[in-house]
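Using this note's numbering, you'd call the opening residue of the sequence shown number 100 and step up by one each time. Heads up, the beta-carbon is just placed ideally off N, CA and C, and yes, glycines get one too.
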Amino acid sequence: SKVTEFTPVPNLIGIERIFCGHFTSFAITSSGSVWVCGDNSSGELGTGDTVPRSSFCEIVRNSSVISIAAKKGTTIFLLADGSTCICGIVESGVFVDRIDSSALVPVRIPQLEPVVSVILKEDGCHFVNESGQ
Numbered sequence: 100s101k102v103t104e105f106t107p108v109p110n111l112i113g114i115e116r117i118f119c120g121h122f123t124s125f126a127i128t129s130s131g132s133v134w135v136c137g138d139n140s141s142g143e144l145g146t147g148d149t150v151p152r153s154s155f156c157e158i159v160r161n162s163s164v165i166s167i168a169a170k171k172g173t174t175i176f177l178l179a180d181g182s183t184c185i186c187g188i189v190e191s192g193v194f195v196d197r198i199d200s201s202a203l204v205p206v207r208i209p210q211l212e213p214v215v216s217v218i219l220k221e222d223g224c225h226f227v228n229e230s231g232q
């Protein structure tokens, strides 16, 4: 059926930030919970499987996630300390060594210094540090 007005999403309370990707949606609450829904064919929701979600489900509580960048098949979570985690399609050797093709739950991306922003595009990814580089 066609939705013609805004409808509250059950269980989503205290939302501070909303992010979207390629057929995916993400919400961060004031308590640090991360909620996800949408396509999950590559594990990009971080739920531990590849089952798509038509309604929001919580993947982590009390986290320090402050931002989320997503593209088709891949999601990167930026944490308050400047570290990052990735799930979904992982390009071996580019983001995380020892992972061949995908991560069904978020895994830490090793990096030399903290980042303040992540830009994830179809043709690549850019990590921006405090000096803007």
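* In its own chain, which residues sit with a C-beta less than 8 Å from the C-beta of T183, not counting the 5 before and 5 after it? -> On the sequence shown, residue 183 is found 84 positions in, with the first residue counted as 1. Hits under 8 Å: I175, F176, L177, R207, I208, Q210, V214, V217 and F226.
* Asked: Should N139 and T149 be called a contact, given that it needs their Cβ atoms to be closer than 8 Å?
  -> For the purposes of this step, residue 139 is taken as residue 40 along the sequence shown, with counting starting at 1. For the purposes of this step, residue 149 is taken as residue 50 along the sequence shown, with counting starting at 1. Contact flag set, yes.
* Proximal residues to A169 (C-beta, below 6 Å), its chain only, five neighbours per side dropped -> For the purposes of this step, residue 169 is identified with residue 70 of the sequence shown, where counting begins at 1. Around A169: G120 and T123.
* **Sequence-distant residues of its chain with Cβ nearer than 6 Å to V135 (five each side left out)** => Against the sequence shown, residue 135 aligns to sequence position 36. Cβ within range, chain order: F125, L144 and I158.
* Are the CB atoms of I114 and T128 nearer to each other than 8 Å? -> Walking along the sequence shown from the start, residue 114 turns up at place 15. Walking along the sequence shown from the start, residue 128 turns up at place 29. For I114 and T128, yes; Cβs fall inside 8 Å.
* In chain order, each beta strand (DSSP E) run of at least 3 residues that lies wholly inside the segment 101–166 -> 114–119, 123–128, 133–137 and 152–159
* Asked: Nearest-angstrom Cα distance between G231 and V108?
  -> In the sequence shown, counting from the first residue as 1, residue 231 sits at position 132. In the sequence shown, counting from the first residue as 1, residue 108 sits at position 9. About 36 Å.
* Give me the Cα-Cα distance between S166 and S200, rounded to the nearest whole angstrom. => Against the sequence shown, residue 166 aligns to sequence position 67. Against the sequence shown, residue 200 aligns to sequence position 101. Near 23 Å, if we compare the C-alpha coordinates of S200 and S166.
* To do: State the DSSP-derived secondary structure class of A179, mapped to helix, strand or coil.
  => Taking the sequence shown and counting its residues from 1, the one referred to as residue 179 is at position 80. Coil at A179, not helix or strand.
* Asked: Per DSSP, K171 forms a beta bridge with which residues?
  -> In the sequence shown, counting from the first residue as 1, residue 171 sits at position 72. BP columns for K171 are empty, so no partner.
* **Alpha-carbon spacing of L49 relative to S132, whole angstroms** => Nothing in the structure corresponds to residue 49, since the chain is present only between 100 and 232.
* To do: Tell whether a beta-carbon distance below 8 Å holds between K171 and E212.
  => Within the sequence shown, numbered from 1, the residue matching residue 171 stands at position 72. Within the sequence shown, numbered from 1, the residue matching residue 212 stands at position 113. For K171 and E212, no; Cβs fall outside 8 Å.
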